[in-house]
Structures are given as C-alpha cells and as structure tokens.
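Novice: Let me begin by handing over the structure; questions about it come next.
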Amino acid sequence: MAVRGAPLIGVAAAYGMALAEEAGEDLKNVRSALAATRPTAVNLCHALDRVLAYPGPKLESAREIEAEERAANDAIAAHGAARVPQDAGILTICNTGSLAAPGVGTALGIVRKAHELGKAREIFLCETRPRLQGLRLSAWELARDHIPFRVIADSATAWAMASGKIQFVVAGADRIAANGDTANKIGTYALALLAQAHNIPFVIAAPSSTIDRSTKSGAEIVIEERAAEELTEIGGLRIAPVACQVWNPAFDVTPRNLISHFVTEQGVLSIGTES
C-alpha cells in the first residue's frame with residue numbers, strides 16, 4: 007500500500023523494471039514478483055509486459071508510460087467534466103487523484119475539471135472504509151486545491167442522494183472486464199445500486215489501460231483481500247473484541263448494467279454493449 011491507485015501502480019512497476027535492469031536482475035523473475043503484489047489492478051500487468059517487451063533501455067519505456075498516463079488523465083478530466091450537469095453535487099469514493107495517478111487523476115480529475123468549469127456546486131467524498139482514502143487523501147487534495155467539499159460516512163450516501171444533494175456519481179476502476187463489469191474500491195457496487203435507485207448518473211473514469219479484454223466478466227476478476235487489522239484497529243489501537251472474525255475484501259465488482267458511462271482518454275465508451 008506504499009503505492010496505490012491503479013494508474014500509479016502501473017507506472018511504479020514500470021520504473022521498478024527499469025531499476026531491476028540497472029541492477030542486473032532477471033527481468034522475468036522481477037516481472038512475476040511485481041505482478042503478484044496486486045492481483046486486482048490490471049494496469050500493473052499491462053505496464054510490466056510492455057516494459058519487458060521494450061527492445062531498448064527499460065527506463066525509456068517507463069518514461070513513455072508515465073507521460074501517456076499524465077496525458078490520459080487530462081483527457082479523462084475533459085471528457086468526464088462535459089458529462090457533469092450544471093450546479094451538480096458530485097459524489098466520489100476512494101482516492102483517484104494525484105496521489106493515485108501520475109497526473110490530475112481519473113475520477114478526481116473530472117471533479118477538478120468540473121469545478122474549474124463552474125459546474126460543480128459541491129463535492130461529497132465517501133470516507134471509504136476501512137482505509138479512509140476519501141477522508142485522508144481525497145480530502146487533502148481538494149483542500150489544497152481550494153475546492154469546496156464535505157466528507158460523508160459511507161453509510162450516509164443513500165440519504166445524501168435521497169435528500170437531493172447528489173446529481174452525479176463518479177468512481178475510478180482497477181479493472182474493467184470485456185463485458186463492462188468493473189472492479190473498484192469496496193463500496194463502489196453499493197454506490198452504483200443507490201445511484202440507479204435514485205436515477206443519478208453513475209460514471210466510471212479510467213484510462214484505457216484499465217480495460218482487460220482477456221477477462222470476459224467480473225466473475226473472473228480476482229478480488230484482493232486484506233488483513234483483519236484494517237477493520238479491527240485504528241492507528242494501531244484495537245477497537246474490536248479479540249475474538250472478532252473479519253472478512254475484508256479490498257474491492258468489489260459493479261455489473262455493467264449499473265454503469266451509465268465509461269470515460270477514458272479516448273472519450274465516452276460503450277464497453278460491453280458492442281454488437
């Protein structure tokens with residue numbers, strides 16, 4: 007978790023391969039070791055395979071990948087902000103900004119651009135249990151950018167929608183299957199269900215490197231599970247009984263039928279609905 011966010015994980019892995027080449031290590035072994043660290047985010051394997059196949063110095067390939075991801079962030083922000091209605095309350099989950107991507111971010115990049123265009127009335131950030139990326143990371147980024155926002159408990163999202171505070175929901179992605187099913191931070195599926203129930207657009211923002219055509223559907227996506235301490239402890243202080251048992255999936259899969267649009271650097275795509 008020292009590096010997080012699907013686009014940034016891919017870029018970091020690419021530079022890891024470059025460092026391994028410089029150290030004279032077996033790149034195939036390094037590729038296998040790095041690929042095993044985060045099974046859900048497909049950007050990781052895409053970047054590793056691209057660097058491994060590059061005929062020249064691996065550092066050149068890593069720099070190309072970083073530059074492309076930065077440009078993709080800018081394009082995603084522009085395409086996505088065009089879909090945001092005027093005077094919108096925007097809800098997002100987890101952290102998808104500059105702490106999770108090489109540029110302005112994916113979903114949070116759209117938030118930034120919508121604010122710049124004067125379309126965003128207010129931003130609502132899910133706290134994003136259990137690691138609190140919304141409360142700790144997205145809040146930090148938006149505060150630095152002087153963008154008005156409020157953090158809400160994950161359990162408050164339904165009421166926020168019912169109360170008319172939310173007109174647009176946008177999330178990132180760690181892997182998009184060929185049929186459009188999308189893996190993202192745990193809690194994203196619930197947001198998509200709630201958005202559909204309240205007739206609110208639910209948008210996935212991600213670079214095209216997140217699309218995995220070799221994975222047919224969400225049923226094939228491996229979901230990373232993490233330590234129980236993420237739930238039973240806060241800052242190293244145990245808050246649960248010693249006998250407490252935990253299930254802690256880090257991601258969930260949102261079915262394609264709950265997703266209004268996919269926004270990539272290529273524009274708005276209809277993934278999973280092609281004839």
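Heads up: the sequence shown at position 25 corresponds to 31 in the working numbering, and the numbers run straight through without jumps.
We treat Cβ as the ideally placed atom computed from N, Cα and C, and that holds for glycine.
What is the DSSP secondary structure of N319, counted as helix, strand or coil?
Specialist: With the chain running from 7 to 281 in the structure shown, residue 319 is simply not present.
Novice: Give the DSSP-derived three-state secondary structure of C100 in the structure shown.
Specialist: Reduced to three states, the DSSP call for C100 is coil.
Novice: I'd like to confirm the pairing. Which residues does DSSP put opposite I177 in its beta bridges?
Specialist: Per the sequence shown, the amino acid found at residue 177 is Ala instead of Ile. A177 is bridged to I210.
Novice: For A29, report the span of its beta strand (DSSP E) as first-last.
Specialist: Careful: A29 lies outside any beta strand (DSSP E) and carries neither H nor E.
Novice: Please work out which residues of its chain come closer than 7 Å, Cβ to Cβ, to K64, disregarding the five sequence neighbours upstream and downstream, and give them in chain order.
Specialist: The residues are M23, A24, E27, V57.
Novice: Spatial neighbours of R127 within its chain, please: CB distance less than 7 Å, with the 5 preceding and 5 following residues excluded, ordered by chain position.
Specialist: Contacts found: D93, A94, G95.
Novice: Can you find the residues in the same chain that come closer than 6 Å, C-beta to C-beta, to Y21, ignoring five residues on each side of it along the sequence?
Specialist: Answer for Y21: A68, listed in chain order.
Novice: Confirm, please, whether the CB-CB distance from L197 to A177 is below 8 Å.
Specialist: Yes. Within cutoff.
Novice: Roughly how many angstroms lie between the CA atoms of A189 and L40, to the nearest whole one?
Specialist: Their backbone Cα atoms lie some 20 Å apart in a straight line.
Novice: Going by beta carbon distance, what residues of the same chain come within less than 7 Å of I245, once the five residues before and after it are set aside?
Specialist: Here the set comprises T238, E239.
Novice: In this structure, does DSSP put C132 in helix, strand or coil?
Specialist: Residue state, collapsed to three classes: strand.
Novice: Output the boundary residues of the beta strand (DSSP E) element that contains T43.
Specialist: Per DSSP, T43 belongs to no beta strand (DSSP E) and is neither H nor E.
Novice: Quick check: what's the CA-CA separation for A168 versus H204?
Specialist: Each residue's alpha carbon lies about 7 Å from the other.
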